[in-house]
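Right, one structure below, let's go through it.
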Amino acid sequence: MRVRLAALAHARSGDKGDTANIGLIARDPARYPLLVEQVTAPRVAAHFAGIITGPVERFELPNLHALNFLLHGALDGGGTISLKTDAQGKVFSTALLRMEIDVPDD
Amino acid sequence: MTQRVVRIASGQGFWGDWLEAPVRQVEGGPIDFLMMDYLAEVTMSILQKQKSRDPTLGYARDFVQSMERILPHAIERGVRVTANAGGVNPRACAQAVGDAARRLGLTGKVRLGIVSGDDLLDRLDQLTRDGHALANLDTGRPLSDVRERVVSANAYLGAAPLVEALRRDANIVITGRVTDTGLTLAPMMHAFAWRADAWDLLAAGTVAGHVIECGAQCSGGNCLADWQSVPDLANVGYPIVEASPDGTFAVTKHAGTGGRISVASVTEQLVYELGDPRAYITPDCVADFTTIRLEQAGPDRVRFSGIKGRAATDKLKVSIAYFYGYKAVGTLVYAWPDAYAKAEAADRVVRERLARLGLRFEALRTEFVGADSTHGPLATRELDRNALPEVQLRIGVRARERDPVERFTREIAPLVLNGPPSVTGFAGGRPKVEEIIAYWPALIDKRVVTPCIETLDV
Numbered sequence: 290m291r292v293r294l295a296a297l298a299h300a301r302s303g304d305k306g307d308t309a310n311i312g313l314i315a316r317d318p319a320r321y322p323l324l325v326e327q328v329t330a331p332r333v334a335a336h337f338a339g340i341i342t343g344p345v346e347r348f349e350l351p352n353l354h355a356l357n358f359l360l361h362g363a364l365d366g367g368g369t370i371s372l373k374t375d376a377q378g379k380v381f382s383t384a385l386l387r388m389e390i391d392v393p394d395d
Numbered sequence: 024m025t026q027r028v029v030r031i032a033s034g035q036g037f038w039g040d041w042l043e044a045p046v047r048q049v050e051g052g053p054i055d056f057l058m059m060d061y062l063a064e065v066t067m068s069i070l071q072k073q074k075s076r077d078p079t080l081g082y083a084r085d086f087v088q089s090m091e092r093i094l095p096h097a098i099e100r101g102v103r104v105t106a107n108a109g110g111v112n113p114r115a116c117a118q119a120v121g122d123a124a125r126r127l128g129l130t131g132k133v134r135l136g137i138v139s140g141d142d143l144l145d146r147l148d149q150l151t152r153d154g155h156a157l158a159n160l161d162t163g164r165p166l167s168d169v170r171e172r173v174v175s176a177n178a179y180l181g182a183a184p185l186v187e188a189l190r191r192d193a194n195i196v197i198t199g200r201v202t203d204t205g206l207t208l209a210p211m212m213h214a215f216a217w218r219a220d221a222w223d224l225l226a227a228g229t230v231a232g233h234v235i236e237c238g239a240q241c242s243g244g245n246c247l248a249d250w251q252s253v254p255d256l257a258n259v260g261y262p263i264v265e266a267s268p269d270g271t272f273a274v275t276k277h278a279g280t281g282g283r284i285s286v287a288s289v290t291e292q293l294v295y296e297l298g299d300p301r302a303y304i305t306p307d308c309v310a311d312f313t314t315i316r317l318e319q320a321g322p323d324r325v326r327f328s329g330i331k332g333r334a335a336t337d338k339l340k341v342s343i344a345y346f347y348g349y350k351a352v353g354t355l356v357y358a359w360p361d362a363y364a365k366a367e368a369a370d371r372v373v374r375e376r377l378a379r380l381g382l383r384f385e386a387l388r389t390e391f392v393g394a395d396s397t398h399g400p401l402a403t404r405e406l407d408r409n410a411l412p413e414v415q416l417r418i419g420v421r422a423r424e425r426d427p428v429e430r431f432t433r434e435i436a437p438l439v440l441n442g443p444p445s446v447t448g449f450a451g452g453r454p455k456v457e458e459i460i461a462y463w464p465a466l467i468d469k470r471v472v473t474p475c476i477e478t479l480d481v
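Chains as they are written, first to last, in this note's numbering: chain A, 290 to 395; chain B, 24 to 481.
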């Protein structure tokens, strides 16, 4: 079954210069392994194709059932330079929640 | 002096945060310390400009008003304050707070601590001559690229100078560019007599600082998890750390306040502005966020334990601000029918007119607010375009020179009469040309930055 991340996780994002970070947190710890398996850095980079100009890094926080992504070249120069409404990447996290992943039927 | 539990309350998550928060923290229940964070990356450059126009300015003036409201209570109850409200002029900020204390009849009862030494602006050329490259951390470019356009340069100091000010019995410690986390860690180091190389303890205090440095953002504010059920945000309680000498702590809030403190709300804040979770680097230590253990220990109470840290690095981060150029953003609102198509047509008109004028911009960016401004193509490919009742056209330009940006600001209003139909929302007038002060992150050897600690008795 294809399920949007919004149904499985919550998230928050912020900025460091021209890099946005997205912390993706499993609502149910039992679903965390699904996130680790499917929400990979290449998959996130493909999701944001045309929106970000740099690479994506991923870090795991199994203690918090969370993944942390760094999206480089995400903010049109970032901070004060950026012309984006979301110059500080505050809602980048919600764009990731549009992604769909496979959830086993149980 | 060592205490069993020390309560450190967050009273301000950024300059511009809720004015009621510090008052509610001091009056709403028992606390020992109030920490207030005022400085974002570009705040220092704004303050530096104010100071260059008037040498008695250059600090967060809101802080003085907040102190006027809370000082009588705080002094009576023994609540001590740590705040980086001093900006580029902590001494002037302390003078203003001292004046306020005297007006309140608190003469003889207040000792102010002042932490400075972070300001490197006057030392930049000497430092570069001495071989400190201050290269841009993101791009690797040397500072000489922008040296003549630098408006402020501040090293991020850690908790140590605040600890010294507290040891000297300061009630209110006012600092320049001190890390947000240091404002929370310092009271713990002071109260529990933690050593400066007790890395696990310092990491725990740093994590506590990270959790509460954004005010209500860990206690139900901006919380996506089950947001509709977060109670009574109008009355939101700001977070309080209840710290123990062994480095464990709980995050909670005053009874009777709104908001929510849960594992979910706290986790959202833990990942906020996070880089490599194993290496959260501050001047005080390197904290490992993958060691944090969270437990819901009661209603609106999350317990933290297990936190590990490593030795601090021998560098300090330096925040340099420099003049970059100019930008302006213009907006118009288009109504149904065909709201999106009308906004797109208007954008084409503007771009063609700008091109015919021969104006050159470093960047020209169009967003259609209501359709693509936050999620871009991820949103528009799922969109029912014709159903949109309205779309805001938002065009921004950026250039190194002022002239093309100034000329751009004259190209929005005419569209009301000479562009696509059903347009409104121009009440605000012409777009404003804004100066861009950009941010240059760098590192510097710790040994060349000496914090200065003073006290001032009122």
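Positions of the beta carbon are idealized from the N, C-alpha and C atoms, including for glycine.
In this structure, the beta-carbon distance from G306 (chain A) to Y462 (chain B) falls below 8 Å. Pairwise C-beta distances place the region 223-230 of chain B in contact with the region 309-318 of chain B, as three or more of them are shorter than 8 Å. Put simply, the CB of S396 (chain B) is near chain A, with a gap under 8 Å to one of its CB atoms.
Spanning the alpha carbons of P331 (chain A) and D375 (chain A) requires a straight line of approximately 23 Å. Look at G419 (chain B): its C-beta is under 8 Å from a C-beta on chain A. The count of Cβ pairs closer than 8 Å, one atom from the region 339-355 of chain B and one from the region 414-432 of chain B, reaches three, so the stretches are in contact.
Under the 8 Å criterion on CB atoms, A461 (chain B) is classed as interfacial with respect to chain A. CA-to-CA, the gap between A363 (chain A) and F384 (chain B) works out to about 20 Å. Residue-level contact check: G343 (chain A) does not touch chain B, since none of the beta carbons of chain B fall below 8 Å from its beta carbon. For R371 (chain B), the enclosing alpha helix (DSSP H) starts and ends at 362-379. Taking every protein chain shown into account, the CB of N409 (chain B) has fewer than 16 other CB atoms within 10 angstroms, so this residue is exposed. The three-state reading of DSSP puts K340 (chain B) in strand, counting E and B together.
In the pairwise beta carbon analysis, the region 67-87 of chain B is classified as not touching the region 253-273 of chain B: fewer than three pairs are separated by under 8 Å. Positions of the alpha helix (DSSP H) runs, each at least 4 residues long and wholly inside the region 319-384 of chain A, are given as 321-327, 330-336 in order along the chain. If you draw a 10 Å sphere on the C-beta of Q88 (chain B), you find fewer than 16 other C-beta atoms in it, and that means exposed. With a 10 Å radius around the Cβ and a threshold of 16 neighbouring Cβ atoms, M67 (chain B) comes out buried. Residue pairing of Y303 (chain B) in beta bridges, as defined by DSSP: B:A310. Beyond the five residues adjoining it in sequence on each side, F37 (chain B) comes within less than 8 Å, by CB distance, of D60, Y61, A63, C237, G238 in the same chain, given in chain order. Per DSSP, P393 (chain A) is not a residue of any beta strand (DSSP E), being assigned neither H nor E.
Taking every protein chain shown into account, the CB of H96 (chain B) has fewer than 16 other CB atoms within 10 angstroms, so this residue is exposed.
With a cutoff of 8 Å on beta-carbon distance, K74 (chain B) and V111 (chain B) are scored as near each other. Secondary structure of L166 (chain B) (DSSP, three-state): helix. With a threshold of 8 Å between beta carbons, A384 (chain A) makes contact with chain B.
By the neighbour-count criterion, in which a residue is buried when 16 or more other Cβ atoms sit within 10 angstroms of its Cβ, M290 (chain A) is exposed.
Counting of Cβ neighbours within 10 angstroms places K455 (chain B) among the exposed residues, the total staying below 16.
Of all alpha-carbon atoms in B:A287, B:K72, B:G381, B:F449, the one lying nearest the alpha-carbon of A176 (chain B) is that of B:K72.
When 8 Å is used as the limit between beta carbons, G339 (chain A) is near these residues of chain B: G399, P400, in chain order.
Considering only beta carbons, the part of the region 278-300 of chain B lying closer than 8 Å to chain A consists of A287, T290, E291, Q292, L293, V294, Y295, E296, L297, G298, D299, P300, in chain order. Per DSSP, Q251 (chain B) lies in no alpha helix (DSSP H) segment and is marked neither H nor E.
Here Q118 (chain B) is buried, its C-beta having at least 16 other C-beta atoms within 10 Å. Just measuring C-alpha positions, the residue of B:L180, B:E413, B:A334, B:T207 sitting nearest Y363 (chain B) is B:E413. For the pair N107 (chain B) and N357 (chain A), the Cα-to-Cα distance works out to about 28 Å. V234 (chain B) sits buried, since 16 or more C-beta atoms from the chains shown fall within 10 Å of its C-beta. With the rule of 3 Cβ pairs closer than 8 Å, the region 264-274 of chain B counts as touching the region 317-327 of chain B.
With distances taken between CA atoms, E91 (chain B) lies nearest to B:R126 out of B:R100, B:D77, B:R126.
Put simply, the region 192-210 of chain B touches the region 134-153 of chain B. At least three CB pairs are less than 8 Å apart.
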